[in-house]
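Chains as they are written, first to last, in my numbering: chain D, 501 to 1030; chain Z, 3 to 185.
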């Protein structure tokens, strides 16, 4: 197309196409130059065909810019180019009319007029916002330089696009334990039989699904499969139980379904459908030894046995009364799903604990537990588990516990507890009562010999019946001797997610009976966290 | 998985291979905004003691600050993004050094360290700023691990020097906290 022979409307079309195609971008500048440089003499169409003739035939004053097409007297809204002109004005201010406010759209235009129209358009285009030749060169250089990275990123993005997450709200964690365990050869407690002293290899796997329901609520579903047989059978006493023992024949079972919600800055709510426990919403103040996979190797060493009263279903609340004082209350029952028992007669445990924190690394807790038919904590002597020798079906127990933990150095913590229980059998003659006592002191040295390690010691007396109105064969049904629980373990963190914990337990006078041989238990627990 | 890089010398080799930009000129826009040419990258995060409620834990964040970054590093911001608990970070015991967690190099002085417990954000400022071409490890100490187990996410943002530095978000570190109360 040759500008010089264009009619006014056709040059508008040209200008629009130039603008639309990015005439003002760097690469197109040369095209304009080419167009302008064309020699009209090669063009057979050069001869003026327009009846009115070229504008320069009768010189006129410079054209003037417009603000609306309607200002032009000879352009009507019905003209086919009306919209085109309007958009040129609005977007680029590129329309110029004659001083008499005519457009003379059917005329050919001169080079002067074309230049004038172009000039009218140019100042409106802010060239600084476009890339320069230099920028393009830099961009190309960067593209070349990062070609490999871009390919990698593109590959990754493609891979991502193919992955559909199962859930965007649920995060998965897990833990697997492999344990080699052995009991020293001696006699079982309360028995002439020898202990089951063969070395065993057993395992436990736990899968946690933590689902965020909003910002403040967490739903947890835990599956567990294990085959770690109970050492109470091998040794004859519950005092020898391991923290991580349990046997489901390696079948996965529902271990916990709970919901935890921060109601506000002060109050946290926790509800359990399966797998509840008082300690899950109460601060047990034995932080380093509390965990079964990473802490104490014994069940007794984990926490005050008082926290093991109560059932699996229920709820708890934690109130942060102020920066230092918190109150935990809760109620958990068991077997409430069975029509022959029901919620009303279900075994339960209710707790209220007041905790005072001197600092974040020192605190003391005072707890009260009320329980019904839920006294068996599987940590102490046989009599402490059942002080009424299986005769009572209505044991109410009031327990008071005090526990404290203190960080005495950066990497040394001492904790301890004492528990005192008064149990009453309401369905036996004279309502006999029994008194059960336990205590322990634990020492934890985290990061000893390497970050993530933990050396731990436990010295304590597992639950013991110190006094009992209930009599068997005319003698008070109480523990006459005192056995101690001594334990040491050393958790070594081999790698992120892998730790190995050798440890041993010594029970002097197991079952609080000096006729029993001491029991030795040794284990090497390997824990994988993922 | 990213965290394996913590322990392998491959990472060190990879960084050494990043050749310095010959006549690198800092990226500064007309309005004064400064950018890293190649921003740092987060290699990963790890907790040493990962049980709920315990103290004496350290959280490590390791990042590569490439030689080609072109601008010194003035500020690092670590902000908690996920997790129900709100662990408080002790701003006074933060340490930064060159190298990885297991291969510690020399200490990097911190000019200012601030923890905002409302935004759960730790801000570290360096004066003099850190020069490019090194691996950096940040060690944080929570006053105590959170009481609620789960996966805690920490977003890391780095700022170059300049009056108007642009914050490059360089990645999310995962700190996993396991429940001590589950038997």
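The C-beta atom is built at its ideal place from N, Cα and C for all residues, glycine as well.
Everything numeric in this text was worked out from a predicted model, so none of it was measured.
Note on geometry: alpha-carbon atoms of residue 38 of chain Z and residue 998 of chain D lie some 37 Å from one another.
Rounded to the nearest whole angstrom, the C-alpha separation of residue 576 of chain D and residue 648 of chain D is 58 Å. When C-beta atoms of the stretch 1011–1023 of chain D are compared with those of the stretch 672–687 of chain D, three or more pairs fall below 8 Å, so the two segments count as touching.
Counting C-beta pairs with one atom in each stretch, the stretch 903–920 of chain D and the stretch 758–769 of chain D have fewer than three that are closer than 8 Å, which means they do not touch.
Taken atom to atom, the span from the alpha-carbon of residue 152 of chain Z to that of residue 63 of chain Z is near 18 Å. Taking a cut-off of 8 Å on C-beta distances, the stretch 50–61 of chain Z touches the stretch 945–960 of chain D, as three or more cross pairs fall below it. Each of D:938, D:931, D:785 and D:850 was checked against the Cα of residue 739 of chain D, and the nearest Cα belongs to D:938.
Listed along chain D, the residues sitting closer than 8 Å to residue 50 of chain Z by beta-carbon distance are 947, 951, 952 and 993.
Any Cβ of chain Z closer than 7 Å to the Cβ of residue 792 of chain D would place that residue at the interface, and such an atom is present. In the DSSP assignment, residue 721 of chain D is bridged to D:709 and D:757. Within 7 Å of the CB of residue 907 of chain D, the CB atoms of chain Z belong to 57, in sequence order along the chain.
In terms of Cα proximity to residue 985 of chain D, the closest of D:974, D:1002, D:942 and D:1027 is D:942. Assignment of beta-bridge partners to residue 675 of chain D by DSSP yields D:706 and D:1029.
For residue 139 of chain Z, not one C-beta of chain D is nearer than 7 Å to its own C-beta. Between residue 704 of chain D and residue 1017 of chain D, the C-beta spacing is not below 7 Å. Each residue's CA atom was taken as its position, placing residue 732 of chain D and residue 68 of chain Z some 59 Å apart. The Cβ of residue 180 of chain Z sits closer than 7 Å to at least one Cβ of chain D. As computed with DSSP, residue 814 of chain D is found in a beta bridge with D:772 and D:832. Using a 10 angstroms sphere on the CB of residue 972 of chain D, the tally of other CB atoms stays under 16, which defines it as exposed. Taking a cut-off of 8 Å for Cβ pairs, the stretch 72–83 of chain Z and the stretch 134–144 of chain Z touch, as three or more such pairs fall below it. Taking 7 Å as the cut-off, the Cβ atoms of residue 167 of chain Z and residue 36 of chain Z count as close. Chain Z places no beta carbon closer than 7 Å to that of residue 667 of chain D, leaving this residue out of the contacts. For residue 644 of chain D, the enclosing alpha helix (DSSP H) stretches over residues 633–645. From the beta-carbon of residue 716 of chain D, the residues of chain Z found nearer than 8 Å are 86.
Residue 725 of chain D places its beta carbon 7 Å or farther from that of residue 698 of chain D. Residues of chain D whose Cβ lies closer than 7 Å to the Cβ of residue 145 of chain Z are, in chain order, 860. Put simply, the backbone Cα of residue 650 of chain D is about 19 Å away from that of residue 66 of chain Z.
What residue 671 of chain D touches in chain Z, judged by beta-carbon distance under 7 Å, is 152 and 153, going in chain order. By the Cβ rule, the stretch 892–905 of chain D counts as touching the stretch 853–872 of chain D, because three or more pairs are nearer than 8 Å. Counting only the Cα atoms, residue 127 of chain Z lies some 6 Å from residue 115 of chain Z. In terms of Cβ geometry, residue 873 of chain D and residue 839 of chain D do not form a close pair [threshold 7 Å].
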